[in-house]
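Take a look at the structure set out below.
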Amino acid sequence: MYEIEKMKFEPYESCPCGSDQKFKFCCYQKAREAKYTKHDKVEYSDSRLNYIMNKSWEYTDFKTCFAFDKERCEGLIKGAHSIQNNRILNRVSDDGHVYHIRGEVEKSELKPVFKKLSRNKASTFFGFCNFHDTELFKPIEQKEYNQEPIQNFLFAFRALTLQYHNKNRELNLLQNHFKEFPDSMLNGQDVYGYRLAVLSVSDCAKQYEIFNNNYMESNFEKIRTIYRKLDFEVDFASSASFAVRDDLKGNTINEVYTNKKTDKMPLVFVTIYPIENGTNILLSYHKDDDVIYRKYFEQLEALSINDLLKYLNFLLIEYTENIFFKPSWIESMDAKQKKSILGSFESSMDFDRKLDLILSENYYKFNLFNGKITF
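In terms of my numbering, the sequence shown is residues 20 to 394.
The following block contains the structure:
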């Protein structure tokens with residue numbers, strides 16, 4: 020913690036406001052002046068804080084096409100679904116709506132809550148033009164999954180592009196924050212957050228280039244995938260990519276909060292979705308990261324289906340926000356189960372919250388897999 024508090028921007032590094040100028044010649048003096056300027060404390064209502072928070076995130080949005088052969092781009096950049104709407108989200112929706120977990124200010128504190136939204140908007144991001152959103156993903160959108168290498172590749176790639184888009188937005192959010200509050204550039208915690216955000220974007224960019232090279236060479240065998248099919252439909256769907264911190268034995272495999280590596284932080288790709296009378300589970304990583312994830316995936320493969328689902332119950336809530344739930348299923352839960360899901364989600368970044376849940380015996384006391392598997 021002390022090291023973080025002492026972190027600072029160097030005079031001749033790029034200014035964190037995103038101007039491409041050196042910090043010394045851009046915002047440094049502005050930051051110093053703001054630090055010693057007395058500010059009157061302003062009190063905002065929860066509704067006002069939520070409005071500001073939502074608008075700040077909205078301003079970071081941008082449009083791009085992540086497809087590899089950009090010379091073939093056609094049509095508008097659209098709100099592409101990272102989870103297919105008509106074949107997947109429709110299965111976890113009620114009256115055209117799903118639940119997701121999002122942050123909301125309550126009593127001046129940011130808390131996770133379940134929010135209902137249209138499945139037409141769920142999981143969307145401005146990541147593909149109309150042509151590529153249709154053509155690129157045909158092997159997974161117009162065909163049933165049958166473990167073809169290109170299908171594993173495309174499921175992983177779509178999860179990566181959502182992550183890449185979001186990490187760019189998170190960096191934009193910090194840059195906008197520095198512009199509005201220049202004195203925060205002299206705060207060690209903010210410097211630390213910015214450095215992590217820059218590294219995250221860099222990690223995604225490097226992973227994207229690897230996928231790009233594989234696609235151009237039609238080399239789809241570079242994705243290692245564990246596939247499991249359940250004989251029942253789950254009431255949620257998720258598509259995500261992230262770096263796993265610890266393996267199943269508690270050994271650290273990635274220092275996700277310090278990231279002192281000179282190369283990229285390796286990602287895993289998780290896709291779970293219901294099909295008719297079943298559920299598909301895909302867990303993948305790129306074989307370039309074999310030295311990091313090979314033993315971890317061997318541990319996963321050795322698990323019984325019961326133990327695997329118990330672990331995924333933890334992994335999904337611990338690492339991803341891109342998960343959508345059937346409203347009737349969430350609404351059927353008692354208050355303690357809902358509190359456990361939201362609290363466990365929050366605890367991934369809040370040790371005190373984790374301790375509270377453990378002491379109250381409500382840490383991960385829920386079952387995403389419908390209660391059909393006994394934990």
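Glycine residues also receive a C-beta, built at the ideal position from the N, C-alpha and C atoms.
These numbers come from a predicted model, not from an experiment.
Starting from residue i and walking both ways along the alpha helix (DSSP H), at which residues does that stretch end?
i	result
Val124	No alpha helix (DSSP H) contains Val124, which is instead part of the beta strand (DSSP E) from His116 to Glu125.
Ile96	From DSSP, Ile96 is part of no alpha helix (DSSP H) but of the beta strand (DSSP E) over Ile96 to His100.
Asn231	Gly207 to Met235
Phe150	Asn149 to Glu154
Phe370	Phe370 to Leu378
Val110	The sequence given here places Arg at residue 110; Val does not occur at that position. It is not in any alpha helix (DSSP H) - Arg110 carries neither H nor E in the DSSP assignment.
Can you tell me where the beta strand (DSSP E) with residue i in it begins and where it stops?
i	result
Gly310	With the sequence shown as reference, residue 310 is identified as Val, and Gly is not the correct amino acid for it. Segment Asp309 to Ala321 is the alpha helix (DSSP H) holding Val310; no beta strand (DSSP E) there.
Leu334	Careful: Leu334 lies outside any beta strand (DSSP E), inside the alpha helix (DSSP H) at Ile324 to Tyr338.
Glu163	Unbroken run through Glu163: none, as it is neither H nor E.
Gly362	Premise fails: Gly362 lies in the alpha helix (DSSP H), Ala354 to Ser366, not in any beta strand (DSSP E).
Arg138	That residue, Arg138, is in no beta strand (DSSP E); it is neither H nor E in DSSP.
Closest by CA to residue i, which one among the options?
i	options	result
Lys283	Leu215, Asp250 and Lys135	Leu215
Asn185	Gln356, Leu267, Tyr78 and Lys89	Tyr78
Ile159	Glu24, Leu301, Asp222 and Phe316	Leu301
Phe133	Phe147, Leu378, Lys345 and Ser379	Lys345
Asn231	Met72, Asn273, Arg110 and Cys84	Cys84
Lys140	Asn109, Lys89 and Thr271	Asn109
Thr197	Ser379, Phe364 and Cys45	Rather than Thr, the amino acid found at residue 197 in this sequence is Phe. Of the candidates Ser379, Phe364 and Cys45, the one whose C-alpha sits nearest the C-alpha of Phe197 is Cys45.
Lys27	Thr339, Met204 and Gly297	Met204
Gly146	Gln182, Lys157 and Asn165	Gln182
Ser366	Ile107, Leu249 and Asn381	Asn381
Asn195	Trp76, Asn325, Asn238 and Phe144	Trp76
Pull up the distance between the alpha-carbon of residue i and that of residue j, whole angstroms please.
i	j	result
Glu123	His116	19 Å
Pro35	Lys25	17 Å
Asn341	Gly98	15 Å
Asn104	Phe343	11 Å
Glu90	His151	11 Å
Ala256	Phe200	38 Å
Asp114	Ile102	18 Å
Ser221	Arg188	13 Å
Leu319	Pro30	46 Å
Lys41	Ser33	5 Å
Tyr213	Leu179	21 Å
Ser258	Gln48	43 Å
Gly297	Lys384	24 Å
Ile245	Glu163	17 Å
Within its chain, find whatever has a CB closer than 6 Å to the CB of residue i; leave out the 5 residues flanking it on each side and keep chain order.
i	result
Leu68	Val124
Phe176	Phe230
Leu129	Gly122
Thr271	Asp265
So, at 8 Å on beta carbons, what are the nonlocal neighbours of residue i in its own chain, with the 5 sequence-adjacent residues on each side left out?
i	result
Ile71	Tyr63
Tell me which residues share the same chain as residue i and place their Cβ nearer than 7 Å to its Cβ, disregarding the 5 neighbours each side in the sequence.
i	result
Arg243	Ser303, Tyr304, Lys306 and Phe316
Threshold first: 4 residues or longer. Then list the alpha helix (DSSP H) segments lying entirely within the stretch 177-207, N to C.
none
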